[in-house]
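Quick note on my numbering: the sequence shown kicks off at 23 and runs consecutively.
Where is the CB? At the ideal position from N, CA and C, for every residue including glycine.
The next block holds one structure in the form of C-alpha cells; read it before the comments.
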Amino acid sequence: MNASTEVVGTQLFDLRGRKAIVSGGAGELGLALVVALHACGAEVAILDASGETASTAGRIHDPHRPVHGLRADLADRTQAASVFDEAVRLMGGLDILVNSAGIQRRSPAMDFSEQDWDDVLAVNLSATFFLCQRAARVMVPQGRGKIINIASMTSFVGMKFISAYAASKAGVMQLTKALSNEWAADGVQVNAIAPGYFKTRMNAAYFEPANAELYRGITQRIPAARWGEPSDLQGALMFLASRASDYVSGVTLPVDGGFLGR
Ligand SMILES: NC(=O)c1ccc[n+]([C@@H]2O[C@H](COP(=O)([O-])OP(=O)(O)OC[C@H]3O[C@@H](n4cnc5c(N)ncnc54)[C@H](O)[C@@H]3O)[C@@H](O)[C@H]2O)c1
C-alpha cells in the first residue's frame, strides 16, 4: 500500500480538530451543513440573524464539542466583523468557512424596489465577500483553509422575478473563482455548491396550491424526478471541506438532481 491509498475511506473526510464557521447555519440548508461538519469531527460556530440561532445550535447535543450559536446581522459590516472575530476567538482558530446566509425577494423586475435590491445584494454577495476576506486573513498565513460559498441554479440560469437574487448568486460563483485565483497557492481552496430545487421555506411559493402546475413542471424537469432534501447537500460539503478536495479550487458544484444537464 502506498501513501496515497492509506488515506482513502473515512480518513479523507476526517475533520477532527478543525474549526468551522457557518453563516446562515440556523437556516434549513445551513443546519444540514452544520450537522455534516460536526459529524465529521469539526467544532462549529453558527453566525445567523435568526432569533433562533442559539436554540438551533443547541439542537446538536454534544457536551464535548458544543455548536456555538452567535446572532448577528451579517449585512451590517461592523456586526459581521465583530461576530466573526468572536467565533474565531471562541474556537481558537479557523479552518473552514461556509457562507450559507441568504435571502430572496420576488417581484417583476420593472417593480423591483431599491430596498429589495440592496438587501439581497448586501446579504448574498457583499457579506459573503467580507466574510471570505476575514477568513483569508486567518487561513492564508496558516497555509491552510477551505471556503465554501452557497451559490444557486441562478448562478447559471436567470429565472424570472428574482433578478437581484440571480445577480447576487452569479456574483457568488464569479467571486469564488476570483478568490480561488488569489489564495489557492497559499493552500486555501475556495469553492461553491449550487443547490438545485430544495424543499425549503425559501421555495414556499412553489408549494402554494395556485402554483401546483408550476411545481409539477419543475419536478418533471429534474432528471432525478424529485426536489432536494437538505441532507442531499451534506456529501458535497464534506468533500469540499475536507482534504478530499485539496486539489479542487474555484469550482461551483451543482447539487441539483441533474437539473443543469437537461
Ligand atoms: N432553498 C433552496 O432551494 C436553495 C436553492 C439554492 C440556493 N439556496 C441558498 O442556500 C442558502 C441557504 O438557504 P436556505 O434554504 O437554508 O434558507 P433559509 O432562509 O432557511 O436560511 C437562510 C439563513 O440565512 C440567515 N440570514 C438571512 N439574512 C441574514 C443576515 N443579514 N445576517 C445573518 N444571517 C442571515 C437567515 O436567518 C436564515 O437562517 C442561501 O444562500 C440560499 O440562497 C437555497
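Proximity below 7 Å, CB of residue i to CB of residue j
i       : j       : result
Gly-218 : Gly-250 : yes
Asp-117 : Arg-40  : yes
Ala-258 : Leu-275 : yes
Thr-75  : Arg-93  : yes
Ala-97  : Ser-45  : no
Gln-101 : Asp-95  : yes
Arg-185 : Gly-272 : For the record, residue 185 in the displayed sequence is Ser; it is not Arg. For Ser-185 and Gly-272, no; Cβs fall outside 7 Å.
Ile-1   : Leu-119 : The shown model of the chain, from 23 to 284, leaves out residue 1, and the question about it has no answer.
Gly-280 : Pro-231 : no
Gly-91  : Ala-109 : no
Ser-148 : Ala-216 : no
Phe-183 : Arg-128 : yes
Ala-189 : Met-181 : no
Ala-17  : Asn-171 : In the structure as shown, the chain begins at 23 and stops at 284. Residue 17 is therefore absent and cannot be evaluated.
Gly-47  : Val-57  : no
Buried/exposed call for residue i, threshold 16 Cβ in 10 Å
i       : result
Glu-136 : exposed
Lys-168 : buried
Met-195 : buried
Ser-104 : exposed
Gln-33  : exposed
Met-161 : buried
Asp-84  : exposed
Asn-52  : A small correction: the amino acid at residue 52 is Gly; Asn does not occupy that position in the sequence shown. Answer is buried; the Cβ neighbour count reaches 16.
Ala-60  : Just to set this straight, residue 60 is His in the shown sequence, not Ala. Answer is buried; the Cβ neighbour count reaches 16.
Ser-77  : exposed
Met-260 : buried
Ala-158 : buried
Asp-70  : buried
Thr-150 : buried
Glu-65  : buried
Gln-126 : buried
Leu-112 : exposed
Where residue i sits in the DSSP three-state scheme
i       : result
Asp-41  : In the sequence under discussion, the amino acid at residue 41 is Lys, which differs from the Asp named in the question. Lys-41: strand per DSSP, three-state reduction.
Lys-221 : coil
Met-23  : Any answer about Met-23 is weak, because its pLDDT of 49 lies below 50 and its placement is not dependable; what the coordinates show is given next. In this structure, Met-23 counts as coil in the three-state DSSP scheme.
Ala-216 : strand
Leu-262 : helix
Tyr-269 : coil
Ala-92  : Position check: residue 92 holds Leu in this sequence, whereas Ala was assumed. In this structure, Leu-92 counts as strand in the three-state DSSP scheme.
Pro-252 : helix
Leu-197 : helix
Asp-19  : Lying before the first or after the last residue shown, residue 19 is absent from the chain, which here runs from 23 to 284.
Asp-70  : strand
Ile-244 : coil
Gly-257 : helix
Leu-116 : coil
Gln-211 : strand
Pro-130 : coil
Gly-63  : coil
Lys-191 : helix
beta-carbon residue i near ligand 2 non-hydrogen atom, thresh 6 Å
i      : result
Ile-43 : This structure simply doesn't include ligand 2; it includes ligand 1 instead.
Quick check: the stretch 215–231 against the stretch 253–270, are there 3 or more CB pairs under 8 Å?
Yes: at least three Cβ pairs fall under 8 Å.
Can you list, in chain order, every residue whose CB sits closer than 6 Å to a heavy atom of ligand 1?
Per the CB criterion, closer than 6 Å to any heavy atom of ligand 1, the qualifying residues run in chain order as Gly-46, Ala-48, Gly-49, Glu-50, Leu-51, Gly-52, Asp-70, Ala-71, Ser-72, Asp-95, Leu-96, Ala-97, Ser-122, Ala-123, Gly-124, Ile-125, Val-145, Ile-172, Ser-174, Pro-217, Tyr-219, Phe-220, Thr-222, Arg-223, Met-224 and Asn-225.
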